[in-house]
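The next block holds one structure in the form of structure tokens; read it before the comments.
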Ligand code: NDP
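Dropping the structure here:
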């Protein structure tokens, strides 16, 4: 098998196998064929990985930030050099079109390695002068062993978004990809070693949720960073709390995108397409509740349908294809189930709505109009190519409706009224907001959610605070005064 890795896990600088672990079949979503067979980590493998990360951590943290950063930046360069091969792998792991994976996966991972590699040398504490000559200085310290747990939609990116800031701060990592997409994280581990990372600094073990759970509850682990659904986030957060561990939770969303009647319709339609159908809709920050102001509703829907007719659906390895399959049969069935609910609850299907008759797990880009706030498709995260279009009349009304959700990951507004745009964004209950665009996540900008969508932020300088802590050192320059 062309994509079969040398072994299932990557621990202490090398590939490791334990065939006693439960079987994991990796399926190419465009055809349904098995492209690799792996094993879930046994308790012995979990133990080996955690020991390796624990043993490597002190020496890694003792390197200068410049040295750690150099390794991360070298890894970034290697990822860019191999972008095409890594993208082919990612396309087979996830089913996403090669047109997407060549620009949004290994490249995004490389951005994170480069950015945090660049920051590593400048991570410092501060000097705080006090009265009478006393002063405090702070030391920025690594947390220790960090666990990263990934979802299946951006496997390379998630492995790097968690690994790069963790390693820059002097932590080591055990990363567990989703069992649906286990292949790319192994390549990230390989590349880090090739770039000079000492063995044990970045380990990858495979497994189902139980493996993730055993990592989270282990006392050697200082921090857990999860990208996943809200129900999993709840469990992981609770387990981490038991050990008072640091957490970053990047969870789901049901984000609003508001289109006012003064907006540039072409741009708004482009934003709605990017925010609903990129990666076949399997993006956490998607703006799946598209609120369109009454006066432009029909024009918006017409243009949207015209543009969707140009989506090239097919073999994701074909560079012209812009819309691929869903990641798995299971995820496809979830999306199809929501489409049926949309129809049953009275939403008006204006585009798509069916499985595509071909091998693999293809669902048509689907648009529902006349969606109301209480319909299931407007309340629950679908994680598939299903857009709900809702109509609104006034700014006050749409603001309240947009925020009427337990989620708070992202939100967007399209308008040419500058003050209204900023007013709307100020009112959004969401961690990541967009004005006249949607779904961009550059490494320089904080990314993450509020409300049920998460805790903490990835990317940007803020991520450093989530992978390090401050030690305070009070220095007295005076005699010690005591009451007796
Ligand atoms: P899941 O929540 O099902 O799984 C996420 C990861 O957690 C997987 O690796 C999973 O392993 C693991 N896991 C499951 N149960 C446990 C447990 N009890 N303890 C520790 N780890 C566990 O999400 P999906 O993989 O289905 O991904 C889709 C979800 O991810 C969507 O809801 C989406 O919104 C969210 N997401 C959020 C993003 C963000 O940045 N906010 C980005 C991308 C996705 P296994 O798969 O083997 O069960």
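In the numbering used here, the protein residues as written are 582 to 1065.
Don't be surprised by glycine CBs; every beta carbon is placed ideally from N, CA and C.
Just to confirm, does residue 734 get its C-beta within under 6 Å of one of the non-hydrogen atoms of the ligand NDP? With a threshold of 6 Å, the Cβ atom of residue 734 counts as near the ligand NDP, since some heavy atom of the ligand is closer than that.
Take the Cβ of residue 996 as the centre, count every other Cβ of all protein chains shown within 10 Å, and call the residue buried at 16 or more, exposed below. Classification of residue 996: buried, given that the 10 Å Cβ count is 16 or more.
Quick check: the segment 627-640 against the segment 810-826, are there 3 or more CB pairs under 8 Å? Cβ pair count under 8 Å is below three, so no.
Can you tell me where the alpha helix (DSSP H) holding residue 605 begins and where it ends? Looking at the DSSP string, residue 605 is not in any alpha helix (DSSP H); the run it does join, the beta strand (DSSP E), is 604-608.
So, under 8 Å CB-CB, residue 907 and residue 679 are touching, yes? Tell me the CB distance rounded to an integer number of Å. Between residue 679 and residue 907 the Cβ distance is about 16 Å, and since that is not below 8 Å, they are no contact.
Suppose contacts are defined by Cβ-Cβ distances below 7 Å. Is residue 1020 in contact with residue 856 by that definition? Contact: yes.
Pull up the CB-CB distance for residue 1034 and residue 834, whole angstroms please, since I reckon it's below 8 Å. At roughly 5 Å, the Cβ-Cβ gap stays under 8 Å, so residue 1034 and residue 834 are in contact.
In three-state terms, what does DSSP make of residue 1021? Residue 1021 sits in coil when the DSSP states are folded into three classes, being neither helix nor strand.
Runs of beta strand (DSSP E) wholly within the segment 975-1037 (minimum 3 residues, chain order): Runs of beta strand (DSSP E) with 3 or more residues, each lying fully within the segment 975-1037, are found at 991-995 and 1013-1016, listed in chain order.
Counterpart residues of residue 973 in DSSP-defined beta bridges: Per the DSSP secondary-structure output, residue 973 pairs in a beta bridge with 874.
Which value, in whole angstroms, describes the spacing of the CA atoms of residue 885 and residue 934? Here the C-alpha atom of residue 885 lies approximately 15 Å from the C-alpha atom of residue 934.
Taking 6 Å as the line, does the beta carbon of residue 645 fall inside it for any heavy atom of the ligand NDP? Flag unset: Cβ of residue 645 not near the ligand NDP.
Tell me the start and end of each unbroken alpha helix (DSSP H) in the segment 657-699 that is at least 4 residues and wholly inside, in chain order. Taken in chain order, the complete alpha helix (DSSP H) segments of 4 or more residues contained in the segment 657-699 are 664-675 and 679-685.
Do you know offhand how far residue 1054's Cα is from residue 948's? Going by the C-alpha atoms only, they are around 58 Å apart.
Give me the residue from 668, 864 and 1062 with the minimum Cα distance to residue 968. Checking every option, the nearest Cα to that of residue 968 belongs to 864.
Say yes only if the C-beta of residue 1032 is nearer than 6 Å to one or more non-hydrogen atoms of the ligand NDP, and no if none qualify. False, no ligand heavy atom lies under 6 Å from that Cβ.
Considering only heavy atoms of the ligand NDP, does any lie closer than 6 Å to the CB of residue 727? No, the ligand NDP has no heavy atom inside 6 Å of this Cβ.
Taking the beta carbon of residue 611 as the centre, do at least 16 other beta carbons fall within 10 Å, making it buried, or is it exposed? It is buried - the Cβ of residue 611 has at least 16 other Cβ atoms within 10 Å.
Separation of residue 1065 from residue 715, as counted between CA atoms: Their backbone Cα atoms lie some 22 Å apart in a straight line.
So does residue 730 have its beta carbon nearer than 6 Å to some heavy atom of the ligand NDP? Relative to the ligand NDP, the nearest heavy atom lies less than 6 Å away from the CB of residue 730.
According to DSSP, is residue 598 helix, strand or coil? DSSP places residue 598 in coil when its eight states are reduced to three.
Is the segment 792-799 touching the segment 639-656 in the sense that three or more CB pairs, one from each, lie closer than 8 Å? They do not touch, by the three-pair rule.
Using DSSP bridges, identify the partner residues of residue 719. Residue 719 is bridged to 1053.
Secondary structure at residue 1059, three-state DSSP: helix, strand or coil? Note: residue 1059 maps to coil in three-state DSSP.
Give the straight-line distance between the Cα atoms of residue 1007 and residue 979, rounded to the nearest whole angstrom. Those two C-alpha atoms are separated by around 14 Å.
When you compare only the Cα positions, how much space is there between residue 787 and residue 1032? So the alpha carbons of these two residues sit roughly 30 Å apart.
Are the Cβ atoms of residue 758 and residue 736 separated by less than 7 Å? In contact: residue 758 and residue 736 (Cβ atoms closer than 7 Å).
Can you give me the Cβ contacts of residue 626 inside the same chain, cut-off strictly under 6 Å, excluding the 5 residues immediately before and after it? 590, 599 and 786.
What separation, rounded to the nearest whole angstrom, lies between the Cα atoms of residue 854 and residue 596? Cα to Cα, the separation comes out at about 40 Å.
Which one of 890, 936 and 940 has the shortest CA to CA distance from residue 896? When the alpha-carbon of residue 896 is set against those of 890, 936 and 940, the nearest one is in 940.
Which runs of the beta strand (DSSP E) fall wholly inside the segment 743-810 and span at least 3 residues, in chain order? Fully enclosed beta strand (DSSP E) runs of 3 or longer: 753-757, 783-785 and 802-808.
Checking the sheet assignment: what are the DSSP bridge partners for residue 947? Answer is 967, bridged to residue 947.
Within 10 angstroms of the Cβ of residue 806, are there 16 or more other Cβ atoms? Answer buried if so, exposed if not. That one is buried.
Quick check: the segment 879-893 against the segment 696-708, are there 3 or more CB pairs under 8 Å? Output reads no: the segment 696-708 does not touch the segment 879-893.
Taking just the CA atoms, how far does residue 917 sit from residue 1069? The structure shown does not extend to residue 1069, since the chain is modelled only from 582 through 1065, so no value can be given for it.
Return the Cβ separation of residue 1037 and residue 832 in integer angstroms, given the expectation that the two are a contact with Cβ distance under 8 Å. At roughly 11 Å, the Cβ-Cβ gap does not stay under 8 Å, so residue 1037 and residue 832 are not in contact.
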